[in-house]
Structures are given as structure tokens and as C-alpha cells.
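In UniProt numbering, the protein residues as written are 1 to 537. Since the structure comes first, as C-alpha cells, the remarks are kept for the end.
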């Protein structure tokens with residue numbers, strides 16, 4: 001395909017089945033999109049190191065601090081599907097700019113908070129902005145890049161996000177060493193303004209060319225479904241699986257999920273065509289994306305605790321300890337698209353997820369006396385696998401949805417990432433906590449076994465502090481070890497699932513369509529037929 005100077009929106013093109021026109025400034029646009037992604041994903045982890053300072057400065061209760069974190073998560077997780085659909089309707093550029101503006105504005109509000117309530121309100125506002133921003137970045141990417149270049153662009157997009165997650169604790173530790181707690185949020189303001197200005201200049205507008213009615217029941221049910229399930233999942237570590245705080249929102253979410261699927265199948269213009277899940281390639285991409293993030297988020301959550309509570313690292317040192325994983329991911333993402341061209345998407349996904357599983361198995365060997373060398377090996381292998389699997393899964397997912405519904409594709413991809421991450425932390429964290437509680441020394445009171453920090457505090461005041469601290473560390477390390485094996489099993493299961501489902505609809509690399517402007521007539525006809533029969537609206 002050649003770079004054209006005509007308008008670069010789907011709405012401006014008469015032949016929508018030919019796909020979006022490559023934008024001449026698409027790589028500059030990608031840099032602006034990556035800046036926005038970095039802004040959001042950096043913030044996901046940067047605030048964790050500031051919790052002690054926030055608690056002290058604002059005289060906040062434990063419940064208030066939990067809502068500082070959970071309010072943001074609920075806003076993002078609950079709105080992603082809706083905001084993705086909204087972006088297709090009002091324009092992806094407009095949704096992106098509104099999202100960046102809201103995130104930047106409320107970052108400033110939250111950084112100046114002088115009460116827990118103000119901080120919680122600011123964080124919820126940031127979550128709404130992030131929910132608009134994240135699916136819109138992927139939707140714009142789909143519009144400005146041709147299909148051939150899209151896997152590489154998604155690889156860059158994924159790598160930048162991983163770097164943001166890994167660098168969050170490092171940046172947070174640095175800022176707290178020099179400034180007050182609000183600085184970790186205030187740093188978003190200049191970065192957000194830079195991203196906003198760059199996007200105003202570079203990003204073209206695009207939207208779904210078909211004018212559709214708002215699927216109001218679908219919107220309401222998707223929000224109830226997402227908020228209910230996310231709230232239940234993030235409540236598990238504190239309240240347990242059988243608590244009313246988990247059972248009630250889970251029931252609301254599950255009933256809303258079933259109702260959403262029922263309604264969308266019968267709606268004339270649904271927000272999401274649920275019949276897409278009958279497509280093995282689509283189902284494989286969705287499930288693989290979710291399971292990948294379950295394993296990745298859960299393992300990183302536990303590994304940073306291992307570094308702090310077992311290896312006695314500071315929060316800043318623990319953040320630096322995760323950086324090798326992000327570096328490995330960055331270095332490998334460029335090879336994913338090339339590998340997919342040679343061996344196909346199913347084999348590439350299986351390769352990446354198998355490497356992730358191998359890395360997690362290495363991490364499962366860690367104990368109190370392991371040292372960082374073994375951890376480094378596990379992180380490098382896991383990061384390499386994630387660098388192959390994550391962008392390949394995202395590309396497979398968005399490629400399964402018509403390009404004019406790019407916002408829905410971006411929203412669904414981000415939703416799977418958010419749900420996967422929340423489930424990984426809840427499930428793997430719960431297993432680790434339960435095993436830890438069952439293996440701590442009998443001299444540690446039962447009410448102190450809910451937290452490794454509390455158990456270590458009690459051990460330090462015991463009759464034989466050195467021995468008790470060692471035993472508590474060993475108990476925690478053993479719980480993490482089992483959870484890492486669970487993560488490895490999930491990653492390998494995702495690889496098997498990807499191979500089984502994606503290969504049904506995959507085209508062998510040697511049979512792929514010619515590059516350039518030549519598109520076989522039968523391929524164009526098949527694509528046109530797919531557009532006509534697709535129910536995504």
C-alpha cells in the first residue's frame with residue numbers, strides 16, 4: 001500500500017472494505033499514543049509506593065486508602081466496553097483527547113488533595129479519563145496503520161505499556177525521596193499536557209461510518225457486569241471468597257453478564273456482537289489475552305512482595321528488581337511479528353506463552369536463600385515470552401473485529417487486560433496468602449497471619465526473633481512458589497488454548513495475501529462478505 005494524501009478516516013473512504021489508508025505520519029502518531037499509554041500504565045503502579053506517605057499526610061484510614069486504589073480500578077474496568085463503543089460513535093480522536101484531558105486534570109486535583117475524600121474523587125476522575133484513553137489509543141492505531149504494519153505497531157504499544165508498569169515503583173521511589181507524596185500524581189500533568197498538544201497536532205479523526213442507535217440496555221448491563229465482577233475480584237484478598245463483599249457483587253456481575261449476552265443477541269444494533277464468540281479465532285484471542293494477564297499481573301504482584309518481605313528490598317529496590325522483565329519484553333517485541341509471518345499466529349502465541357510458563361516455573365524455585373540471580377533468569381525468560389505473546393494476542397483480537405468498529409475492539413482488548421490483571425492478583429494472591437497462613441510458626445498469632453508484614457512485626461518481637469523471621473520468610477516464599485506454579489500452568493494452558501482455537505481460522509504464512517497494492521479478488525470478496533455478515537454494531 002502506498003502512503004496517500006487523501007483524508008485518513010474510515011468515514012471519508014468510499015470503499016470501507018479496503019481497510020484504512022496508511023497515514024504518512026503514522027509513526028509520529030504512534031509515539032503520541034504511546035506517551036498516553038505510558039501516562040496511564042505508569043500511574044497504575046507509581047502510587048503503590050506512596051501509600052504509607054499518603055496515609056500519614058492525610059490521616060487516612062485503611063478503608064480510605066483501599067478506595068483510593070479501588071475507585072480508580074472500578075472506574076476503568078467498569079467503563080472500558082462503553083467508552084470503546086462511544087469512541088466509535090463520537091470519534092476516536094475526540095474520545096482520546098477528552099480522556100487525556102480528564103486524566104491530566106484529575107491528576108492535578110488528586111495531587112493537591114488535603115483529605116481522603118478529595119483524593120478518592122480525583123482518582124475516580126482519573127479512572128474515567130483512562131477508560132476513554134486506553135481503547136481509543138488502540139482504535140486510532142488500527143486506523144492509521146495498514147494491516148501489514150499493525151502487528152509491529154501493536155508490539156511497540158505493548159512494550160511501552162510494560163515499561164510503564166515496571167518503571168512506576170522506580171519513579172515513585174525517586175519522587176518520594178525528593179518531594180511530597182502528591183508529586184507522584186503531579187508528574188502526570190506536564191506529561192499529559194505534552195501528550196494532549198501532540199495529539200491535537202497529529203492524530204486524525206475517524207469514526208464508525210454507520211450511524212447507530214445507542215444501545216442503552218447494553219451500556220447499562222455492561223457497566224453493571226464490569227463493576228460487579230471487578231469489585232468482587234478486587235475484594236477477594238481482603239474479605240475472602242465467601243464474604244458478602246464478594247458474593248453479592250459477583251452475583252450482580254454474573255447476572256448482568258448473562259443478561260448482557262441475552263440482550264445483545266436480540267438487539268438490532270448491539271454494542272457488541274456476541275456471536276463473534278462462535279468464531280474460534282476470536283474466542284482464542286480473547287481467552288488467551290485474559291489468561292496472559294492473569295499470569296503476568298499475579299506473578300509480578302507476588303514477586304515484588306517476595307523482594308520486599310523475603311529479600312528485604314526497599315520499595316525502590318523492588319521496583320528496580322522488576323525492570324529486567326520489562327527490558328526483555330521490549331527487546332523481544334520486534335521479533336514477534338516476524339515470527340508470526342514465518343510460523344503463523346497460533347504457533348507464535350504458543351511459543352510466547354510457553355516461554356512465560358517456563359519463566360514462572362523458574363521463579364517458583366525461589367526460596368529465602370535463592371538470591372537475585374535465579375530471579376533474574378526467570379524474569380528474563382518470562383519477559384521474552386510476554387514480549388512475543390502479548391502483542392500477538394492483541395493483534396489477533398482486534399483483527400477479528402471489523403476495522404470500522406475499532407473502538408469496540410480496543411475496549412474489549414483493554415477489558416480483557418483489566419479483568420485478567422485483577423483476577424491474577426486475586427487468585428494467585430489468595431493462594432499465596434492461604435498457604436502462608438497455614439505454614440507460619442505456631443507462635444505467630446492467627447490474627448497476624450493475614451499479612452506477612454504483621455507476621456514479621458510479631459516475629460521481630462518474639463523470643464527468638466532471627467529464627468522466627470526466617471521461618472515467616474520461608475512460609476511466605478513457599479506460598480509464592482506454589483502460586484507461581486499456578487501462574488505457569490495458566491500460561492501454558494493459554495498457549496494450548498491459543499493453538500487449538502486460533503489455528504482453525506489461521507492462514508499459513510506461505511498462503512498469505514501478497515504485499516503491496518495487490519489484493520486477490522477472492523480475498524476482497526471474502527472481506528466484503530465478512531463485513532456484510534458481521535453483526536458488530
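Ideal Cβ positions, reconstructed from N, Cα and C, are used throughout, including at glycine. Every value quoted in this text rests on a predicted model; they were computed, and no experiment measured them.
| Query | Result |
| --- | --- |
| C-alpha distance - residue 197 paired with residue 58, whole-angstrom precision | 33 Å |
| Residue 372: first and last residue of the uninterrupted alpha helix (DSSP H) it sits in | 372–399 |
| Given residue 367 as reference, the closest of 409, 456 and 310 once Cα atoms are compared | 310 |
| Residue environment, residue 185, which counts as buried when at least 16 other CB atoms sit within 10 Å | buried |
| Counted within 10 angstroms of its Cβ, other Cβ atoms place residue 152 as buried (16 or more) or exposed | buried |
| Pairwise C-alpha distance: residue 343 and residue 511 | With a pLDDT of 46 at residue 511, under the threshold of 50, the predicted position of this residue should be treated as unreliable, and no value is reported. |
| Range covered by the alpha helix (DSSP H) that runs through residue 44 | 26–46 |
| Alpha-carbon to alpha-carbon, residue 101 and residue 115 | 23 Å |
| Inter-residue spacing [alpha-carbon to alpha-carbon] between residue 242 and residue 431 | 15 Å |
| Distance between residue 338 and residue 349 (C-alpha atoms, nearest Å) | 13 Å |
| Outcome for residue 26 when other beta-carbon atoms lying within 10 angstroms are tallied against a minimum of 16 | buried |
| Proximal residues to residue 32 (C-beta, below 8 Å), its chain only, five neighbours per side dropped | 195, 198, 199, 202 and 203 |
| Where residue 267 sits in the DSSP three-state scheme | coil |
| Assigned secondary structure, residue 117 (DSSP; H/G/I helix, E/B strand, else coil) | helix |
| Reduced DSSP category for residue 349 - H, G, I as helix; E, B as strand; rest coil | helix |
| Backbone CA spacing between residue 54 and residue 60 [nearest angstrom] | 7 Å |
| Chain-order list of residues whose beta-carbon lies under 6 Å from that of residue 414 (same chain, five-residue window excluded) | 80, 134 and 135 |
| Same chain, Cβ closer than 7 Å to residue 423, neighbours up to 5 away in sequence not counted | 233 and 294 |
| At least 3 beta-carbon pairs within less than 8 Å: the region 352–370 vs the region 260–278 | no |
| Bounding residues of the alpha helix (DSSP H) (the contiguous stretch that carries residue 92) | 92–111 |
| Residue 264, buried or exposed, once every other Cβ within 10 Å from all chains shown has been counted against 16 | buried |
| Beta-carbon proximity check, residue 398 vs residue 138, cutoff 8 Å | yes |
| Test item: CB-CB of residue 400 and residue 501 under 8 Å | no |
| Rounded straight-line distance, which links the Cα of residue 209 to that of residue 539 | Given that the chain is displayed from residue 1 to residue 537, the structure contains no residue 539 and the question cannot be resolved. |
| C-beta contact flag for residue 250 and residue 222 at 8 Å | no |
| Residue 273, DSSP secondary structure in three states | coil |
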